[in-house]
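What follows is one structure encoded as structure tokens, with my remarks underneath.
Residue numbers (our numbering): 15 to 355.
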């Protein structure tokens, strides 16, 4: 049904769709079946395929149509201004949910007003006893601001044997499946639209921490994620966004002393990565890294204004970080797992 500012439920599951005609009939039924007493909303980001036609066959859901593709960030920001609910669930269109998946997440947010956002365990749709790349067992960052997850370190994916069935505070929750308080989302102005896609949820979670609130992982809930549904992990466009947004992220949130000490190291390591891409035959990714640095430098004024605005409202803060360096641990020490206390 078309969305016309209806009074919705406590929880709204909001799926952003762009040309997902193959994904919607495959994954939407599980969301509808296992999300009782919630509102299921599909936001169409100006798809050019048969998505809207397919959505007509799901009369129980609400549909919000956007007039252009605003990306992950812009699409959610525009849609969620129209959604009345206490809790939002940002859910990728390529996620299969499970029976009772929402209940532990709702209970956790209900248990403490200091918990602003939570993610479930993210497992692979294709290998259901393994973690999935985007989110896995909860997200963290290391001392140089490189993000990683429990259950996934670079290309090494752990098998799920219950090792992350816990409930604990984390640094960032994945945008593939995140429940967040609606008031917090709007007070923080949602997702940074300059990110367009990738790392925007880390930025949002970092802002949450700077307000003094918490981000959690809840291992008693799990979903299955296909992953790379829009861009494959080897896509130069994704490489560009990850490297550009990674620099923007730390520039916004690190203190001046941290930037002075660490940003030159990050830049050097990025150029090392570009060289590695080049000698391994991935010239497109190498060029993407260089483009990312060019646009980061070009946008320095805009990023400085964002940094100054955040600083005026919230102190610099970063909890649940890893003091080591994941690059060192993985490539030199050959560690496949990092324990975060």
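Heads up, the beta-carbon is just placed ideally off N, CA and C, and yes, glycines get one too. Note that this is a predicted model, so its numbers are computed, not measured.
- In this model, residue 325 and residue 82 are separated by some 33 Å (Cα to Cα).
- In the DSSP assignment, residue 329 falls outside any beta strand (DSSP E), carrying neither H nor E.
- Annotated three-state conformation of residue 107 is coil, per DSSP.
- Here the C-alpha atom of residue 298 lies approximately 6 Å from the C-alpha atom of residue 250.
- Closest in alpha carbon position to residue 312, among 276, 208, 176, 222, is 208.
- Nearest Cα to residue 336 within the set 68, 266, 152: 152.
- Shown here for residue 125: not one same chain residue has a beta carbon closer than 8 Å to its own, the five before and five after excluded.
- Beta-bridge partners of residue 232 (DSSP): 134, 181.
- Looking at the backbone, the Cα of residue 194 and that of residue 271 are separated by about 31 Å.
- The C-beta of residue 165 has 16 or more other C-beta atoms within 10 Å across all chains shown, which makes the residue buried.
- Within the same chain, and ignoring the five residues on either side of residue 65 in sequence, the residues whose Cβ sits closer than 7 Å to its Cβ are 31, 33, 34, 35, 38, 58.
- Residue 123: member of the alpha helix (DSSP H) spanning 116-125, first to last residue.
- The criterion of a C-beta distance shorter than 8 Å is not satisfied by residue 265 and residue 197.
- Where residue 161 is concerned, the enclosing beta strand (DSSP E) starts and stops at 161-163.
- Looking at the backbone, the Cα of residue 304 and that of residue 315 are separated by about 19 Å.
- When only Cα atoms are considered, residue 129 and residue 230 end up about 7 Å apart.
- In the structure shown, the three-state DSSP call for residue 30 is strand.
- Taking one beta carbon from each stretch, the stretch 154-174 and the stretch 330-345 have 3 or more pairs nearer than 8 Å; the two touch.
- Burial is judged here by how many other beta carbons sit within 10 angstroms of a residue's own beta carbon; residue 278 has fewer than 16 and is exposed.
- Along the stretch 251-321, the alpha helix (DSSP H) occurs as fully enclosed runs of 4 or more residues at 270-293, 297-312, listed in sequence order.
- At a Cβ-Cβ threshold of 8 Å, residue 133 and residue 191 count as neighbours.
- If you draw a straight line from the Cα of residue 135 to the Cα of residue 62, it is about 32 Å long.
- Annotated as proximal: residue 205 and residue 218, with beta-carbon spacing under 8 Å.
- In this structure, the CA atom of residue 183 is about 14 Å from the CA atom of residue 234.
- Under a 10 Å Cβ-count criterion, residue 220 is classified as buried, with 16 or more other Cβ atoms of the shown protein chains found around its own Cβ.
- Rounded to the nearest whole angstrom, the C-alpha separation of residue 73 and residue 53 is 12 Å.
- In the displayed model, residue 352 falls within coil according to three-state DSSP, outside both helix and strand.
- With contacts defined by Cβ atoms closer than 8 Å, residue 269 and residue 170 do not form a contacting pair.
- In this structure, DSSP gives residue 67 a helical state, which the three-state scheme calls helix.
- For residue 76, the enclosing beta strand (DSSP E) starts and ends at 76-79.
- Separation of residue 25 and residue 116 (C-alpha to C-alpha, rounded to the nearest whole angstrom) is 9 Å.
- The DSSP-derived three-state label of residue 58 is strand.
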